[in-house]
Amino acid sequence: MDLSKYFVKSALIPAIIQDAASKKVLMLAYMNQESLQKTIETGYTWFFSRSRNELWNKGATSGHVQKVVRITGDCDDDTLLIEVEQTGPACHTGSETCFYQESLAVFGSETSGEGCGSGGRSQGERKHDDRVSAANNDRESVGLEELYQVVVERHCTYTENSYTCYLFEKGLDKILKKCGEECSEVIIAAKNAAFLAGDEKCAAAEDTKNEICDLLYHLTVLMVNEGITLDEINEILKERSRKIGNLKTFHSTNHNS
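Sequential numbering from 32 applies to the sequence shown in our numbering.
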């Protein structure tokens with residue numbers, strides 16, 4: 032089978048993954064010719080990771096594999112629709128689909144009486160949002176949840192001129208370098224603030240807050256790159272909070288201070 036016609040315009044082609052039974056769109060990923068060939072040969076989805084610059088088999092680690100039912104090209108031969116039998120959740124966040132967030136806009140009579148936030152959306156989608164909201168309230172860090180979801184979107188779908196996509200493209204070493212730089216900037220900002228007083232100290236404290244936000248952002252990029260979720264971090268923090276009196280719980284090495 033000649034697959035080259037799908038890669039005339041670009042070496043990568045977007046692949047829309049759809050549940051063969053429910054017809055729900057599960058995710059969007061990218062394929063090069065080799066990953067498409069492996070998908071056809073194995074009967075399971077293979078994609079190309081732009082951040083790691085390598086092929087990856089969906090579900091190889093998690094077990095959430097996608098058995099291919101049908102592959103169809105669009106009218107311009109530059110997009111694929113792949114119908115699958117999904118095992119487990121499709122999204123690495125644990126959601127059934129990567130498209131679980133609140134609708135940006137909903138049009139038509141479906142919105143009547145429900146408002147833009149819920150109109151036209153399935154009960155399952157609304158339940159998922161309820162779980163996300165509950166998690167936010169439990170964690171008391173809605174900002175981090177929102178940041179995490181934005182970073183996940185950038186990881187799944189390339190956005191031109193996106194700094195987050197740039198970091199994923201450069202890979203782990205670049206992300207780690209930025210985390211180190213931002214950590215140093217937090218330390219410097221906090222140390223500078225310690226020697227000031229009055230209005231100057233307040234201004235310096237704002238700088239420290241901003242540097243902490245920059246660090247949290249880059250740590251979030253690292254988490255998504257490594258497949259670590261906020262829920263996993265939250266569980267560890269909850270476990271450690273039960274042992275808050277034990278210094279070694281939060282320090283893996285001995286400290287003199």
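Backbone N, C-alpha and C define an ideal beta-carbon position, used for all residues, glycine too. Predicted model, so just to flag it, every value in this text is computed and none were measured.
Short Cβ contact (7 Å threshold) for residue i with residue j
{"i": "residue 67", "j": "residue 34", "result": "yes"}
{"i": "residue 110", "j": "residue 45", "result": "yes"}
{"i": "residue 121", "j": "residue 128", "result": "yes"}
{"i": "residue 26", "j": "residue 56", "result": "Only positions 32 to 288 of the chain appear in the structure, and residue 26 is not among them; the question remains open."}
{"i": "residue 214", "j": "residue 175", "result": "no"}
{"i": "residue 236", "j": "residue 225", "result": "no"}
{"i": "residue 79", "j": "residue 61", "result": "yes"}
{"i": "residue 51", "j": "residue 133", "result": "no"}
{"i": "residue 98", "j": "residue 85", "result": "no"}
{"i": "residue 210", "j": "residue 253", "result": "yes"}
{"i": "residue 208", "j": "residue 108", "result": "no"}
{"i": "residue 123", "j": "residue 258", "result": "yes"}
Residue i classed as buried or exposed, judged by whether at least 16 other C-beta atoms fall within 10 angstroms
{"i": "residue 53", "result": "exposed"}
{"i": "residue 220", "result": "buried"}
{"i": "residue 199", "result": "buried"}
{"i": "residue 261", "result": "buried"}
{"i": "residue 101", "result": "exposed"}
{"i": "residue 41", "result": "exposed"}
{"i": "residue 272", "result": "exposed"}
{"i": "residue 192", "result": "exposed"}
{"i": "residue 92", "result": "exposed"}
{"i": "residue 233", "result": "exposed"}
{"i": "residue 274", "result": "exposed"}
{"i": "residue 248", "result": "buried"}
{"i": "residue 185", "result": "buried"}
{"i": "residue 269", "result": "exposed"}
Bridge partner(s) assigned by DSSP for residue i
{"i": "residue 135", "result": "In the DSSP output, where bridge partners are listed per residue, residue 135 has none listed."}
{"i": "residue 32", "result": "The partner list for residue 32 (beta bridge, DSSP) is empty, contrary to what the question assumes."}
{"i": "residue 45", "result": "61"}
{"i": "residue 258", "result": "Paired residue(s): none; residue 258 is not in a bridge."}
{"i": "residue 103", "result": "112"}
{"i": "residue 204", "result": "In DSSP, residue 204 forms no bridge with anything."}
{"i": "residue 50", "result": "115"}
{"i": "residue 97", "result": "117"}
{"i": "residue 80", "result": "85"}
{"i": "residue 9", "result": "Since the first residue shown for the chain is 32 and the last is 288, residue 9 is missing from the structure and cannot be characterised."}
{"i": "residue 75", "result": "98"}
Cβ distance (whole Å) where residue i is taken to contact residue j below 8 Å
{"i": "residue 95", "j": "residue 118", "result": "6 Å"}
{"i": "residue 81", "j": "residue 189", "result": "6 Å"}
{"i": "residue 49", "j": "residue 112", "result": "6 Å"}
Next on the checklist: Counting beta carbon pairs with one atom in the stretch 237–253 and one in the stretch 209–225, are three or more of them shorter than 8 Å?
Outcome noted: yes
Checklist entry - For the stretch 200–207 against the stretch 64–80, are there 3 or more C-beta pairs whose distance is under 8 Å? => result no
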